[in-house]
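Chemist:
Protein chains: 2
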Amino acid sequence: MTTDAGTASPTARMDRRAELIAAARHLLETEGAEAITIRRLGAAVGIRGPSIYKHFPNKAAVEDALTIIGFMELAGALQGVPFTFAALAGGYRQWAMSHPHMHRLLNNRPINRSQLPIGLEDRAAAPLVAACDGDRAMARAAWATIKGLVDLELAHRFPPDADIEAVYAAAARAYASPSPSPPT
Amino acid sequence: MTTDAGTASPTARMDRRAELIAAARHLLETEGAEAITIRRLGAAVGIRGPSIYKHFPNKAAVEDALTIIGFMELAGALQGVPFTFAALAGGYRQWAMSHPHMHRLLNNRPINRSQLPIGLEDRAAAPLVAACDGDRAMARAAWATIKGLVDLELAHRFPPDADIEAVYAAAARAYASPSPSPPT
DNA sequence: TGACATAGCTAACGACGTTAGCTAATCTTA
DNA sequence: TAAGATTAGCTAACGTCGTTAGCTATGTCA
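Protein chains in written order, with the numbering used here: chain A, 1 to 184; chain B, 1001 to 1184.
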């Protein structure tokens, strides 16, 4: 045997798991999601690729773990931001721009809702709902706008001469004074 | 030799190219982008995988060709739609929902701007710019919103109980009466 | 002490994109 | 018409990917 083996207390088990997630995260942030391969992941923590399957059922499970971390960090980054569309959009944008690969992981992959910590989704949505005076539909539209803006910027889809600050300002204007919701 | 070979007039060359693109398109629409593999693509037109490299430099080139078709069809689908946010968003949504895989191909891939037919991008943007009274920044924000809405719906990211129609209505409200642009 | 669980390992499978090199058919040219 | 050049197929192979099977050594526990 090369290193320690055997039963490996739950603690050790968690250590290796955490170590693998940390390694995956490093690969993601520095080289993007494509750099996360089973063999490279193993090499990063000093084991062979197939041994990873002792800790995760498959590669998607590793990415799911990363996804949860990403969502929680994103939520953390938005704590303390004023409940305004402009402020929330700016905060989200800032976080996404400093973690572009993580943002893509969070958004370009089918989400595994069942294993997200319960309440995480609501907690993430709360500030926008507050900014929209409790109008959940409006909050979801605003969410789509912010996500769309960041997606387009990250994918370099705005024309090279576009004034992106002005686009964010325009969005803020739109959401600052929407027509009042019609009576239902 | 199995079939015809030799010089193969430019016409025949184009035929095979078009045939391959059509096959790729069929695979995309019926099974998604992952179903487009070199070997399956070849099999679909009766040749072996590697022969595809006589017609395309690599797989990305096939996808690029599909992308161009997708953009043009999307532009076509929006022709005749009134220049309103609500109408344009509805038209875009309708098209995306009937071509979900194509929509993902258009949006989840780095775009190869250099080989898009020139003007296509502007032509696609024109209706939204008109709907926003010529305010290009506002038009781009609206674009981000529509794309974000469709992305979220296609990825099943709205909570299962969300009223998506209401979300579109809210977005339309936001863009229907934005605050006037501040004087510059 | 012996049974069991576990975390490593190697070897291998099938699928992927891609390259190298061959062959046969056609077009062009002398 | 004969020779040469182009071309569109082909097979075989490479390296990488995720994943599985099966072995082995270690540690815990009755």
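The C-beta atom is built at its ideal place from N, Cα and C for all residues, glycine as well.
#1: How long is the line joining the alpha carbons of A96(A) and A1139(B), rounded to whole angstroms?
#2: Helix, strand or coil, according to DSSP, for Q1079(B) in the structure here?
#3: In chain B, which residues lie less than 8 Å from R201(A) when you measure between Cβ atoms?
#4: What is the DSSP secondary structure of T67(A), counted as helix, strand or coil?
#5: What did DSSP end up calling A24(A) once you bin it into helix, strand or coil?
#6: With DSSP as the reference, label A1162(B) as helix, strand or coil.
#7: Could you check whether A44(A) and L27(A) sit closer than 8 Å to each other, using their CB atoms as the reference points?
#8: Please report the distance separating the alpha-carbon of A166(A) from that of A1137(B).
#9: At least one CB of chain B closer than 8 Å to the CB of A202(A): is that the case?
#10: Would you say Y1168(B) and L1149(B) are within 8 Å of each other, going by their C-beta atoms?
#11: Any beta carbon from chain A within less than 8 Å of I1111(B)'s own beta carbon?
#12: Which residues in the same chain have their Cβ closer than 6 Å to the Cβ of A18(A), if we skip the five residues on either side of it in sequence?
#13: May I have the straight-line CA-CA distance separating E1029(B) from R109(A), to the nearest angstrom?
#14: When the cut-off is 8 Å and only beta carbons count, does T1145(B) lie next to chain A?
#15: Note down, in chain order, each residue of its chain lying with its Cβ closer than 8 Å to the Cβ of M1072(B), except the 5 sequence neighbours on either side.
#16: For the ligand GTP, is there any heavy atom lying closer than 7 Å to the beta carbon of R123(A)?
#17: DSSP state of F85(A), grouped into three classes?
#18: Is G1090(B) helix, strand or coil when you go by DSSP?
#19: Looking at chain A, is there any beta carbon in it that lies within less than 8 Å of the beta carbon of G1148(B)?
#20: Could you round the C-beta distance between A1130(B) and F1083(B) to whole angstroms and report it? I think they count as a contact, below 8 Å.
#21: Interface residues of chain B around Y175(A) at Cβ under 7 Å?
#22: Of all the CB atoms in chain B, is at least one closer than 8 Å to the CB of V167(A)?
#23: Hey, is A171(A)'s beta-carbon within less than 8 Å of any beta-carbon in chain B?
#24: What is the DSSP secondary structure of R104(A), reduced to helix, strand or coil?
#25: Let me know the alpha helix (DSSP H) ranges lying completely inside the region 1121-1175 of chain B, each 4 residues or longer, listed in chain order.
#26: Hey, is D1161(B)'s beta-carbon within less than 8 Å of any beta-carbon in chain A?
#27: To the nearest whole angstrom, what separates the beta carbons of H103(A) and L154(A), a pair I think is in contact under 8 Å?
#28: Compare the C-alpha of A86(A) against each of A142(A), I38(A), G49(A), A65(A) and name the closest.
#29: If you measure from the beta carbon of N1108(B) to each beta carbon in chain A, is any gap under 8 Å?
#30: Hey, R113(A) and A75(A): beta-carbon distance below 8 Å or not?
#31: How big is the Cα-Cα spacing for T3(A) and R16(A)?
#32: Between R1093(B) and chain A, is any beta-carbon pair separated by less than 8 Å?
#33: Measuring only the C-alpha atoms, how far is L1088(B) from V1081(B)?
#34: Checking contacts by CB at 8 Å: is F1158(B) closer than that to chain A?
#35: Which residues in chain B have a C-beta closer than 9 Å to the C-beta of R123(A)? List them in chain order.
#36: Does any C-beta atom of chain A lie closer than 8 Å to the C-beta of A1060(B)?
Modeler: The relevant details are as follows:
#1: 22 Å
#2: coil
#3: No information on residue 201(A) is available, as it lies outside the stretch 1 to 184 that chain A covers here.
#4: helix
#5: helix
#6: coil
#7: yes
#8: 6 Å
#9: This structure gives no information on residue 202(A), because the portion of chain A shown stretches from 1 to 184.
#10: yes
#11: yes
#12: none
#13: 19 Å
#14: yes
#15: P1117, L1120
#16: Annotation note on the ligand GTP: not contained in the displayed structure, which lists no ligands.
#17: DSSP places F85(A) in helix when its eight states are reduced to three.
#18: helix
#19: yes
#20: 4 Å
#21: The answer, in chain order, is A1174.
#22: For V167(A), the closest Cβ of chain B is nearer than 8 Å.
#23: yes
#24: helix
#25: The alpha helix (DSSP H) runs lying completely inside the region 1121-1175 of chain B and spanning 4 residues or more are 1136-1154, given in chain order.
#26: No Cβ of chain A is located within less than 8 Å of the beta carbon of D1161(B).
#27: 6 Å
#28: A142(A)
#29: Yes, contact with chain A.
#30: no
#31: Unreliable positioning characterises T3(A) in this predicted model, as indicated by a pLDDT of 41, which lies under 50. A coordinate reading is not provided.
#32: no
#33: 6 Å
#34: At a cut-off of 8 Å between beta carbons, F1158(B) contacts chain A.
#35: Simply none; closest approach about 13 Å.
#36: no
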